[in-house]
Amino acid sequence: MARPALDTPRPRGLLRSPRFWMAILLGALIIVTYVGLVTLYATNGRTAKTTELPAPDPDKIVLDLTPQNVDGSKERVSADVDVYTLPDKYLQDRFTVTEDITILINPVDGSPGIQLKAGAPIPMTSISVIVDGKVENWPFDKYDTDEVYALAYPTAAGPSQAIPVQFRLVGQPPGWNIGLSEGDVIYPDFDGSKVDVQTYDLSAKRDWSIITFGLVLLTLLAVMPILVLFVAISAYIGRRRVEATLTSWMGTMLFATITVRNFFPGSPPIGSWVDILVVLWVIVGLVVGLAIYVAAWNRWGTPYPEYRGPRAAVVDDKPDGR
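By the count of the working numbering, the sequence shown reaches residue 322 at its end, each step adding exactly one.
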């Protein structure tokens, strides 16, 4: 009696294949990430970003701050200071002053003084503002201070004859968003005379284009041990053939981790939270995957005949093969 033919399953169409849709989803995710990064950089991460400048006060010395860089490890914001204008009684022409004027800026690293000499061109000065922040919180680290102020006065008269100062923020450094706003008014006492000094709040945080770029790099780091562990476990349980050359690929992935880590924008110092939460476990996953693959190689790898051992050689010498 003939056995009935078994029904062979019909091959599923391409549109019904889960792998096809997973590939489409992965491609769409890559495209969206790429377009998002480019858009963020084009709108927020470019050097040409500018800020709205308030109108200069004719009764004050107007100082324009142009931030150049933020050093998170040293907690410093470097900026150029340009004396935009002065009150008319101190201004001889657009580029010189009628008498010596001293401008002290706080809190800065190094010499805080700007000296304006009578009849000499008005100089531009570079300063490094001291801020508070934690670079270990990269890429979400922020830096700020609420004590930025300038004390300006005629050098001969002294601080008791203080001239009001107005700060303005000009432009943004690449990869950062800098904010400057008026804070409290302080009343320091000089020789029994109190003067009004306007303080300013200065803040700095990373641009979203840089944050997104850093998160993409962290995602790539997290994918590396997942791939290595998948290959290693598949080889160990016998689902895939052991290829000894893959051990060099896994070792390369291990050394590539440090290269990608050093490529983080802003160069967070070793020991930051990103190392504790991500980088350390990436290295652990890669080493574990390499160890599993070596165990799979030892378990399933085929030895050469001359290295089978003395017992295998005795069995092969029997004439009946038993």
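All C-beta atoms, glycine included, are put in the ideal place defined by N, C-alpha and C.
Beta-carbon contacts of residue i that lie in its chain and below 6 Å, excluding the five residues immediately before and after
{"i": "Arg-240", "result": "Ser-234"}
{"i": "Leu-104", "result": "Pro-112, Gly-113 and Leu-151"}
{"i": "Ser-78", "result": "Gln-68, Asn-69 and Ser-128"}
{"i": "Lys-194", "result": "Tyr-187"}
{"i": "Asp-191", "result": "Ser-160"}
{"i": "Leu-286", "result": "Pro-225, Val-228, Met-253 and Leu-254"}
{"i": "Lys-205", "result": "Lys-142 and Asn-177"}
{"i": "Ala-232", "result": "Gly-289, Ile-292 and Tyr-293"}
{"i": "Pro-139", "result": "Arg-206, Ile-211 and Gly-214"}
{"i": "Ser-181", "result": "Asp-201"}
{"i": "Ser-203", "result": "Asp-144 and Gly-179"}
{"i": "Thr-259", "result": "none"}
Whole-angstrom C-beta distance between residue j and residue i, which should lie under 8 Å
{"i": "Pro-67", "j": "Ile-178", "result": "5 Å"}
{"i": "Val-70", "j": "Pro-173", "result": "7 Å"}
{"i": "Leu-290", "j": "Thr-247", "result": "7 Å"}
{"i": "Leu-169", "j": "Leu-65", "result": "5 Å"}
{"i": "Leu-86", "j": "Ile-61", "result": "5 Å"}
{"i": "Gly-175", "j": "Val-135", "result": "The pair is not a contact, with the Cβ atoms about 14 Å apart (cut-off 8 Å)."}
{"i": "Thr-212", "j": "Gly-36", "result": "7 Å"}
8 Å Cβ cutoff, residue i in contact with chain B
{"i": "Glu-52", "result": "This model lacks chain B altogether; it includes just one protein chain."}
Own chain residues within Cβ distance below 7 Å of residue i, not counting five before or after
{"i": "Gly-183", "result": "Asp-146, Thr-199, Tyr-200 and Asp-201"}
{"i": "Val-242", "result": "Ala-235, Ala-296, Trp-297, Trp-300 and Gly-301"}
{"i": "Gln-161", "result": "Tyr-153 and Pro-154"}
Exposed unless 16 or more other CB atoms sit within 10 angstroms - verdict on residue i
{"i": "Val-32", "result": "exposed"}
{"i": "Asp-93", "result": "exposed"}
{"i": "Pro-54", "result": "exposed"}
{"i": "Asp-189", "result": "exposed"}
{"i": "Asp-141", "result": "buried"}
{"i": "Val-228", "result": "buried"}
{"i": "Ser-272", "result": "buried"}
{"i": "Asp-207", "result": "buried"}
{"i": "Ile-226", "result": "exposed"}
{"i": "Val-131", "result": "buried"}
{"i": "Lys-74", "result": "exposed"}
{"i": "Gly-214", "result": "buried"}
{"i": "Tyr-185", "result": "The sequence given here has Val at residue 185, not Tyr. With fewer than 16 other Cβ atoms within 10 Å, it is exposed."}
{"i": "Pro-269", "result": "exposed"}
{"i": "Val-223", "result": "exposed"}
{"i": "Gly-133", "result": "buried"}
{"i": "Val-108", "result": "buried"}
{"i": "Val-282", "result": "buried"}
{"i": "Pro-274", "result": "Residue identity check: residue 274 is Val in the sequence provided, not Pro. Buried is the call here."}
Cβ neighbours of residue i in the same chain (closer than 8 Å, five flanking residues each side left out)
{"i": "Thr-96", "result": "Ala-118, Gly-119, Ala-120, Pro-121 and Ile-122"}
{"i": "Asp-100", "result": "Gln-115, Leu-116, Lys-117, Ala-118, Pro-154, Thr-155 and Ala-156"}
{"i": "Val-279", "result": "Leu-221, Thr-257 and Arg-261"}
{"i": "Asp-88", "result": "Pro-58"}
{"i": "Pro-18", "result": "none"}
{"i": "Gly-251", "result": "Leu-290"}
{"i": "Pro-56", "result": "Val-62, Tyr-84, Thr-85, Gln-166 and Arg-168"}
{"i": "Asn-106", "result": "Pro-112, Glu-147, Val-148, Tyr-149, Ala-150 and Leu-151"}
{"i": "Leu-91", "result": "Thr-85, Val-97 and Thr-98"}
{"i": "Arg-76", "result": "Val-70, Asp-109, Ser-128, Val-129, Ile-130 and Val-131"}
The region 157-167 / the region 191-209 touching (three or more Cβ pairs under 8 Å): Cβ pair count under 8 Å is three or more, so yes.
Output the residue ranges of the beta strand (DSSP E) runs that lie fully inside the region 22-110 and measure 3 residues or longer, sorted by chain position. Along the length of the region 22-110, whole beta strand (DSSP E) runs at least 3 residues long occupy 61-71, 76-85 and 101-106, reported in chain order.
With a threshold of 8 Å, are at least 3 pairs of Cβ atoms found where one atom belongs to the region 251-267 and the other to the region 123-133? With a cut-off of 8 Å, the region 123-133 and the region 251-267 do not count as touching, because too few Cβ pairs lie within range.
Which ranges does the beta strand (DSSP E) cover as unbroken runs of at least 3 residues, wholly within the region 131-161, from first to last along the chain? Listed in chain order, they are 142-154.
Mind listing, in chain order, the continuous alpha helix (DSSP H) runs of no fewer than 4 residues lying wholly within the region 185-255? 208-236, all fully within the region 185-255.
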